[in-house]
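**Q** Dropping the structure in here first, questions after.
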DNA sequence: AAGTAATGCAACCGCCGAATG
DNA sequence: ACATTCGGCGGTTGCATTACT
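Numbering (the UniProt record's numbering), first residue to last: 1 to 193.
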């Protein structure tokens, strides 16, 4: 058993947990402005922070980075997230990569708190975006090509994911070889992204 | 005004793959 | 070849805020 790379419970140097204070934010910002995004595991000590490197990285990536957009998602962004999710599933970092100034955490939260409910209200299954139509061969081919563009396997052919449905309100992307393929309605993604 | 439920979001947890010794 | 470390990711939790009764 290898020990966790960052174990808050075991590391005696890590005293702070939970919400970051303004002072901690400032220390992190100052350090990164001065030294850049260097080794996260040694950063906390070097910057005088009582946090683990992982926590520092998360704080910087999701909140402090100067190029972050913040604020509400626009309709165009929402639309793009839905389309990308139909194509990529819960690969939030890939989806966020197509949305300048947005983080994977932000996209994931937005999906779980807004988009999922919206799709359910419209009678669309947010997990597979299906409205009970089979994917026509041409559309299937487009999907397959799109996945190749992102450097991904075509999961519709043989994927068995680890998440599953506990109840109808839980996130799931359960698919298996036995599952049928469903249509991705309105998936007019530009393949030249 | 007080209590409770629902919601949104920041942060944590645990796992994985790549890099390194 | 193997063990270890690290960065990164997705899932989940917990808390603050808001809405409702």
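For every residue, glycine included, the Cβ atom is placed at its ideal position computed from N, Cα and C.
Along the chain, where does the alpha helix (DSSP H) containing residue 67 start, and where does it finish?
**A** Taken as a continuous stretch (DSSP letters only), residue 67 belongs to no alpha helix (DSSP H), as it is neither H nor E.
**Q** In three-state terms, what does DSSP make of residue 56?
**A** The DSSP-derived three-state label of residue 56 is helix.
**Q** Identify, in the order they occur along the chain, each residue of the same chain with its Cβ nearer than 6 angstroms to the Cβ of residue 31, setting aside the five sequence neighbours on each side.
**A** For residue 31, where only same-chain residues beyond five positions count, the Cβ hits under 6 angstroms are 47.
**Q** Where does the unbroken alpha helix (DSSP H) through residue 33 begin, and where does it stop?
**A** 22-35
**Q** With a threshold of 6 angstroms on Cβ separation, who are the neighbours of residue 108 within its own chain once the five nearest residues in sequence on each side are excluded?
**A** 92
**Q** Using a Cβ-Cβ cutoff of less than 7 angstroms, which residues in the same chain neighbour residue 27 once the five nearest sequence positions on both sides are dropped?
**A** 47, 48 and 49
**Q** Which runs of the alpha helix (DSSP H) fall wholly inside the region 67-109 and span at least 4 residues, in chain order?
**A** 75-88 and 92-97
**Q** Closest to residue 75 by CA distance: which of 40, 37, 115 and 89 is it?
**A** 115
**Q** Using C-beta distances below 6 angstroms, list every residue in its chain close to residue 96, excluding the 5 sequence neighbours before and after it, in chain order.
**A** 102, 103, 104 and 107
**Q** Label residue 120 either buried or exposed according to how many other C-beta atoms from any shown protein chain fall within 10 Å of its C-beta, with 16 as the threshold for buried.
**A** exposed
**Q** Give the straight-line distance between the Cα atoms of residue 61 and residue 125, rounded to the nearest whole angstrom.
**A** 31 angstroms
**Q** Roughly how many whole angstroms lie between the Cα atoms of residue 51 and residue 16?
**A** 6 angstroms
**Q** Which word fits residue 37, buried or exposed, when buried means at least 16 other C-beta atoms lie within 10 angstroms of its C-beta?
**A** exposed
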